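**Student:** Structure below; questions to follow.
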Amino acid sequence: MPVVLLLAWFVAPLVGGGKTLFLRDVLQTHLADRIGLATSLRQPELPLIPLVDPLRAGGQALAGNLNALPFYPDNVLLLLAWPGAIGAAGRAALWALNAHFWLHWFLALGGALWMGRAFGLSRPAAWMAATVYAFSGYFASQLNLYNTVAAAALAPALVAAVLETAPGKAPAVRRRGLVCAALLWALLVLGGEPLLALLALALAMSAGILLAGRRALSGRLALALLSGTLLAAPQIVEALRILPISFRLNAAFGEPQAIVGSFRWAHLADFAWPFFFGRPNLSEVFAPHQFDGHTPLLFTLYPGLLALAFAATGLARRGRATSWGAGAIVVALFFALGRFNPVVEALWSLPWRLLRFPAKFWLLAAVGGSLLAGIGFEAISGRGPEGGRTRRILERWLLLFAGAYVAFLAAANLAPRAVKVFVGGLLSPTLPAATLDMQLVRMQGLAVLSLGLLALAWGLVRLGRSASGWTGGAVGALVALHAATQLWAILPAVPMDDAQAYLAPPPILAAIPAGSVVVHGANLDLFPPSTMNQGNYPDPRLLWRMRRSARELYPFAAMLHGLRSELAISAEGLDSFLSQALTVGVKNFSDRRRLDVLEALGVDYLLLDRELAPEARAQVLEIAREENFGQTVRLYELADRAREVEFATRVIPAPQMNAALEAIFDPAFDPHRTVVVPGTGEVRETFPPIGGEPQVRLVANRREEVVIEVSSSVDGILYLRRAFLPLWRVAIDGASASTVVAQVAHLGVAVPAGRHQVRFWIDRRPLAAGLGLALLGLLGLGWLLAQSPHAPRPARPPQRPQPLESAPVADAAASRAGGILRDTEASAGKESFDRS
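10 is the number of the first residue of the sequence shown in the working numbering; add one for each residue after it.
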């Protein structure tokens with residue numbers, strides 16, 4: 010109960026809607042996706058399952074973007090009317106975004122508890138294992154990664170579900186395990202992180218095979234996993250539609266191929282001092298070179314000193330579960346070494362760059378280590394010689410950790426220069442002296458606090474013994490002690506801010522008409538240099554920069570207030586290759602050429618936190634400005650930009666993107682009558698007769714359908730302010746036609762002379778096929794529920810099941826029922842594989 014209450018107390022501000030998480034891509038990336046979903050779900054005239062998000066980068070794929078989690082069940086929270094937290098679609102999106110995190114935090118606690126019980130641990134030991142996992146630095150680091158937290162939370166539960174399907178289980182238990190395995194696997198596939206989903210499946214299958222042999226690979230389990238895959242088919246189908254033209258799968262243009270954040274021996278310091286390399290709520294990490302020049306994917310791995318001590322004690326207890334937990338840690342370390350492991354480096358050529366962040370493999374260590382902690386906790390709570398032996402092992406580990414901290418404190422006082430040089434080498438040779446001194450003071454303070462924690466834990470271990478084993482008070486006190494100290498230690502990984510700071514309309518919004526297309530020049534460094542790091546902030550915390558980005562209408566804030574944000578690509582590389590390549594290319598141009606591109610794309614307004622270059626000012630009109638934290642953001646209206654629909658009679662073929670951009674930079678380029686399309690050959694230009702200019706009327710402009718009436722005496726190209734995606738279909742007067750790429754990344758079609766009605770629409774037939782496959786998955790799930798797995802007939806007279814662990818642990822209740830006390834070796838048979 011103290012563990013659950015602690016967690017509930019911590020997340021209460023998020024549940025009430027008064028606070029929001031803001032770190033990393035919580036707001037910058039995933040809030041935008043939630044807004045797109047919320048808008049569709051809360052407006053009956055829009056499709057229930059939107060395939061594109063019209064507010065972002067011309068309308069990027071939404072249902073096919075794995076990282077948007079478009080089919081994940083907690084999206085129904087976007088419909089809730091929560092007093093004080095839910096109002097407009099933007100408020101609903103922000104609240105549901107945070108709910109995704111705190112709900113999965115509770116799921117992680119429950120899933121790890123279930124896993125411990127499935128492995129045969131007692132309730133107290135399973136609670137310790139669950140507390141170690143849910144309050145670990147590893148899991149806390151997931152609370153700023155929207156598309157990894159689901160997999161991290163559900164992985165232990167999948168292990169438990171597969172263990173319950175093992176032969177020898179009661180029919181009702183096996184049926185429950187099969188159904189839960191199917192549902193959990195479907196959620197993992199829908200969770201947006203394929204690698205973590207596969208790792209969770211590997212954990213579950215390896216546990217089943219190790220503990221139950223080949224019989225664990227039953228046909229019913231295979232059917233359950235197949236049913237789960239079919240349940241996720243709509244997302245799989247839509248992802249396969251967009252992947253061919255995605256930025257991630259285009260090898261010719263993309264991020265440098267490198268493994269980021271490989272594990273180094275210096276990272277071990279984080280196991281003794283949480284956030285050794287810098288707290289994430291500060292503006293910078295102390296040692297980016299320790300993570301290959303990037304921000305670390307996991308801000309801390311700190312498991313807690315009690316967790317380390319219990320896990321080390323669990324290693325001394327031989328058994329299959331111990332071997333599984335230790336093996337998971339070894340495999341995790343093998344892959345976490347990244348580019349320092351030749352095998353991992355060779356695997357870099359796999360599709361999707363699955364091993365770009367080898368730190369993702371720490372999932373295995375976190376799950377395996379939490380089980381070992383539970384095993385160690387159960388071992389010390391036994392009575393008799395074995396319980397006393399394991400308690401002594403635990404006490405030695407606690408004393409060893411205490412000795413290490415005492416040695417550090419002594420060295421810091423007796424040889425401060427040597428310690429300073431050593432710590433500086435671990436962090437960064439260029440770290441300012443003042444920052445290094447502050448870090449050393451922090452390390453000494455944490456060392457003193459750690460000594461106090463170790464002394465308290467040692468005292469509870471010593472005082473908790475009694476003639477019948479451990480007292481319940483000591484058991485509960487140790488679990489609560491670990492939860493409380495860990496929650497305090499990992500707080501920097503879960504920073505919160507007032508939600509109203511991001512929901513309140515900024516003053517500059519009043520100068521922008523609703524539905525306009527905007528670009529913020531500092532976003533993704535489109536118009537460098539930015540002044541974001543030069544503001545007069547009250548302190549170094551990142552929240553002030555996030556507040557400023559909201560006031561200056563960065564993409565997430567612009568979309569929150571109903572604006573369309575061009576070139577607002579997502580960070581995962583699943584947007585259109587053309588849109589992302591154009592966004593990357595714009596950074597290398599002059600201000601004047603950047604404005605040329607924005608005019609061709611039809612951008613209405615540019616927000617910039619610096620002065621525009623003098624040679625580019627003739628292309629814009631400054632209409633507003635606002636000061637934020639000592640810096641000024643300016644709002645420029647582009648004087649001559651493409652409209653929502655244009656009909657071009659001058660067609661410039663370009664064999665590749667650079668040639669297309671050169672055509673746009675040409676002073677003769679007119680965004681209203683000139684279009685650049687892929688191809689080779691001469692410029693094709695037709696001149697309508699005087700008074701016979703093409704007439705274009707926008708009949709319908711919906712999320713997934715655009716209807717235009719065109720009247721022209723000459724041929725031309727009709728193009729929209731919509732991103733080119735393979736999802737779009739087009740018909741001219743009802744006859745199917747082919748879409749073309751216009752203006753590098755937008756959607757167009759060739760239209761012959763005459764009067765025509767042109768209709769663009771999103772093809773939803775593949776989605777219907779995916780929903781049909783999901784229905785088959787439901788039928789498979791129903792069949793599993795209807796079946797009654799029979800318990801296997803014993804080939805010999807019934808006897809006690811083989812123990813999960815070979816270590817002797819007495820079962821007092823069974824001893825009383827039998828009326829005898831067996832010796833230490835015989836008591837091992839009392840632990841059943843189906844103890845739960």
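The beta carbon of each residue, even a glycine, is placed where N, CA and C say it ideally should be.
On a predicted model such as this, the values are computed, not experimentally measured, just so you know.
May I ask you to list the residues that DSSP assigns as paired with arginine 65?
**Tutor:** Indexing the sequence shown from 1 puts residue 65 at position 56. Ser574.
**Student:** Could you tell me the alpha carbon to alpha carbon distance between leucine 23 and alanine 762, rounded to whole angstroms?
**Tutor:** Translated into positions along the sequence shown, residue 23 becomes position 14. Translated into positions along the sequence shown, residue 762 becomes position 753. Taking the straight line from one Cα to the other gives about 58 Å.
**Student:** At which residues does the alpha helix (DSSP H) containing aspartate 875 begin and terminate?
**Tutor:** No answer is possible for residue 875: the residues shown for the chain start at 10 and end at 845.
**Student:** Taking three-plus beta-carbon pairs below 8 Å as touching, is the region 224–243 in contact with the region 192–212?
**Tutor:** As far as the Cβ criterion goes, the region 224–243 touches the region 192–212, which means the pair count is three or higher.
**Student:** Are the CB atoms of alanine 77 and alanine 577 nearer to each other than 8 Å?
**Tutor:** If you number the sequence shown from 1, residue 77 lands on position 68. If you number the sequence shown from 1, residue 577 lands on position 568. Result no, Cβ atoms of alanine 77 and alanine 577 do not sit closer than 8 Å.
**Student:** Residue range of the beta strand (DSSP E) that serine 745 falls in?
**Tutor:** Along the sequence shown, one-based indexing puts residue 745 at 736. Its beta strand (DSSP E) spans residues 744–746.
**Student:** Determine the closest residue to leucine 207 out of Leu249, Val168, Val353, Thr658, with distance taken between C-alpha atoms.
**Tutor:** On the sequence shown, residue 207 is found 198 positions in, with the first residue counted as 1. Here the closest residue by C-alpha is Val168.
**Student:** Three or more C-beta pairs under 8 Å: does that hold for the region 152–167 against the region 111–118?
**Tutor:** Touching, yes, given that three or more Cβ pairs across the two stretches are closer than 8 Å.
**Student:** Between proline 803 and the rest of its own chain, which residues show a CB-CB distance below 8 Å, the 5 nearest in sequence each way excluded?
**Tutor:** As a first step, residue 803 is located in the sequence shown; it is residue number 794 there, counting from the start. Low local confidence applies: a pLDDT of 49 at proline 803 is under 50, so the model's placement there is unreliable, with the coordinate-based value given in what follows. No residues qualify anywhere along the chain.
**Student:** Among the candidates Arg224, Asn350, Gln37, Ser150, whose CA atom is the shortest distance from the CA of histidine 503?
**Tutor:** Residue mapping note: residue 503 aligns to position 494 of the sequence shown, counting from 1. Just to set this straight, residue 503 is valine in the shown sequence, not histidine. For the residues Arg224, Asn350, Gln37, Ser150, the minimum Cα distance to valine 503 belongs to Ser150.
**Student:** Judging by CA-CA distance, which residue of Ala443, Pro56, Phe349, Pro564 is the nearest neighbour of leucine 535?
**Tutor:** Counting from one through the sequence shown, the residue named residue 535 turns up at place 526. Out of Ala443, Pro56, Phe349, Pro564, Pro564 has the C-alpha closest to the C-alpha of leucine 535.
**Student:** Measure the CB-CB distance between phenylalanine 256 and glycine 582 and report whether it falls below 8 Å.
**Tutor:** Sequence index remark: in the sequence shown, residue 256 carries index 247 (1-based). Sequence index remark: in the sequence shown, residue 582 carries index 573 (1-based). Yes, Cβ-Cβ distance for phenylalanine 256 and glycine 582 is below 8 Å.
**Student:** Hey, out of Gln69, Leu380, Ala519, Gly217, whose CA is closest to alanine 732's CA?
**Tutor:** Position 723 of the sequence shown, counted from the start, is the residue given in the question as residue 732. Of the listed residues, the one whose Cα sits closest to alanine 732 is Gln69.
**Student:** From the DSSP secondary-structure annotation, give me the bridge partner or partners of leucine 866.
**Tutor:** Limits of the chain in this structure are 10 at one end and 845 at the other, which puts residue 866 out of reach.
**Student:** Among Ala382, Pro425, Tyr614, which one has its Cα closest to the Cα of glutamine 448?
**Tutor:** Counting from 1 along the sequence shown, the entry for residue 448 is found at position 439. Per the Cα distances, Pro425.
**Student:** For the alpha helix (DSSP H) containing threonine 238, list its first residue and its last residue.
**Tutor:** Here residue 238 is taken as the residue at index 229 of the sequence shown, counted from 1. It spans 228–240 - the alpha helix (DSSP H) in which threonine 238 sits, taken as one unbroken run.
**Student:** Can you tell which of Leu500, Arg634, Asn542, Gly125 has its C-alpha closest to the C-alpha of serine 145?
**Tutor:** The residue you call residue 145 lines up with position 136 of the sequence shown. Minimum Cα distance to serine 145 is reached at Leu500.
**Student:** Could you check whether leucine 610 and asparagine 575 sit closer than 8 Å to each other, using their CB atoms as the reference points?
**Tutor:** The sequence position of residue 575 within the sequence shown is 566, counting from 1. The sequence position of residue 610 within the sequence shown is 601, counting from 1. Just to set this straight, residue 575 is glutamate in the shown sequence, not asparagine. Going by C-beta atoms, glutamate 575 is nearer than 8 Å to leucine 610.
**Student:** Does the distance from the CB of glycine 757 to the CB of alanine 751 come in under 8 Å?
**Tutor:** Within the sequence shown, numbered from 1, the residue matching residue 757 stands at position 748. Within the sequence shown, numbered from 1, the residue matching residue 751 stands at position 742. Yes, the pair counts as a contact, with Cβ atoms nearer than the cut-off.
**Student:** Would you tell me roughly how many angstroms separate the C-alpha atoms of leucine 793 and leucine 230, rounded to the nearest one?
**Tutor:** As a position in the sequence shown, residue 793 is number 784, starting the count at 1. As a position in the sequence shown, residue 230 is number 221, starting the count at 1. Roughly 10 Å between the two C-alpha positions.
**Student:** Under a Cβ-count criterion, where at least 16 other Cβ atoms within 10 Å of its own Cβ denotes burial, should histidine 39 be classed as buried or exposed?
**Tutor:** Stepping through the sequence shown from its first residue, residue 39 is reached at position 30. It counts as buried.
**Student:** Check whether the Cβ atoms of leucine 776 and leucine 154 lie closer than 8 Å to each other.
**Tutor:** Within the sequence shown, numbered from 1, the residue matching residue 776 stands at position 767. Within the sequence shown, numbered from 1, the residue matching residue 154 stands at position 145. Contact: no.
**Student:** Return the residue from the list Thr29, Arg602, Leu30 that minimises the CA-CA distance to leucine 647.
**Tutor:** Position 638 of the sequence shown, counting from 1, holds the residue named residue 647. It is Arg602.
**Student:** Got a sec? Which residues, its chain only, sit under 6 Å from valine 141 by beta carbon, not counting five neighbours each side?
**Tutor:** The sequence position of residue 141 within the sequence shown is 132, counting from 1. Taken in chain order, the residues that qualify are Ala316, Ser379, Ala382.
**Student:** What is the DSSP secondary structure of glutamate 718, reduced to helix, strand or coil?
**Tutor:** As a working mapping, residue 718 is identified with position 709 in the sequence shown. If DSSP states are grouped into helix, strand and coil, glutamate 718 belongs with the strands.
**Student:** In this structure, how does DSSP classify glycine 323 when only helix, strand and coil are distinguished?
**Tutor:** Residue 323 sits at position 314 when you count from the first residue of the sequence shown. Glycine 323 falls in the helix class under three-state DSSP.
**Student:** Using the beta-carbon count (16 or more within 10 Å), is serine 747 buried or exposed?
**Tutor:** Against the sequence shown, residue 747 aligns to sequence position 738. Under this definition serine 747 is an exposed residue.
**Student:** Just how far apart, CA to CA, sit glycine 125 and phenylalanine 386?
**Tutor:** For the purposes of this step, residue 125 is taken as residue 116 along the sequence shown, with counting starting at 1. For the purposes of this step, residue 386 is taken as residue 377 along the sequence shown, with counting starting at 1. So the two alpha carbons sit approximately 12 Å from each other.
**Student:** Considering just the uninterrupted stretch of the alpha helix (DSSP H) at glycine 5, what are its terminal residues?
**Tutor:** Coverage of the chain is limited to positions 10 through 845, which leaves residue 5 absent and any answer about it impossible.
**Student:** Alpha carbon to alpha carbon, how far is valine 606 from alanine 672? Give it in angstroms, no decimals.
**Tutor:** Position 663 of the sequence shown, counted from the first residue, corresponds to residue 672. Position 597 of the sequence shown, counted from the first residue, corresponds to residue 606. The alpha-carbon atoms of alanine 672 and valine 606 are separated by roughly 10 Å.
**Student:** Per DSSP, what kind of secondary structure is valine 684 in: helix, strand or coil?
**Tutor:** Translated into the one-based positions of the sequence shown, residue 684 becomes position 675. Residue state, collapsed to three classes: strand.
**Student:** Alpha carbon to alpha carbon, how far is glycine 485 from threonine 322? Give it in angstroms, no decimals.
**Tutor:** If you number the sequence shown from 1, residue 322 lands on position 313. If you number the sequence shown from 1, residue 485 lands on position 476. Whole-angstrom Cα-Cα distance: 19 Å.
**Student:** May I ask you to report which of helix, strand or coil DSSP gives arginine 365?
**Tutor:** If you number the sequence shown from 1, residue 365 lands on position 356. Arginine 365: coil per DSSP, three-state reduction.
**Student:** Short of 6 Å in beta carbon distance, which residues of its chain neighbour proline 703, apart from the five on each side in sequence? Order them along the chain.
**Tutor:** Mapped onto the sequence shown, residue 703 falls at position 694. Phe656, Ser721.
**Student:** Between leucine 219 and valine 339, what straight-line distance do the alpha-carbon atoms span, to the nearest angstrom?
**Tutor:** The count along the sequence shown starts at 1 and reaches residue 219 at position 210. The count along the sequence shown starts at 1 and reaches residue 339 at position 330. Their backbone Cα atoms lie some 16 Å apart in a straight line.
**Student:** Smallest Cα separation from alanine 275: which of Phe319, Leu310, Phe696, Arg250?
**Tutor:** One-based indexing of the sequence shown puts residue 275 at position 266. Per the Cα distances, Leu310.
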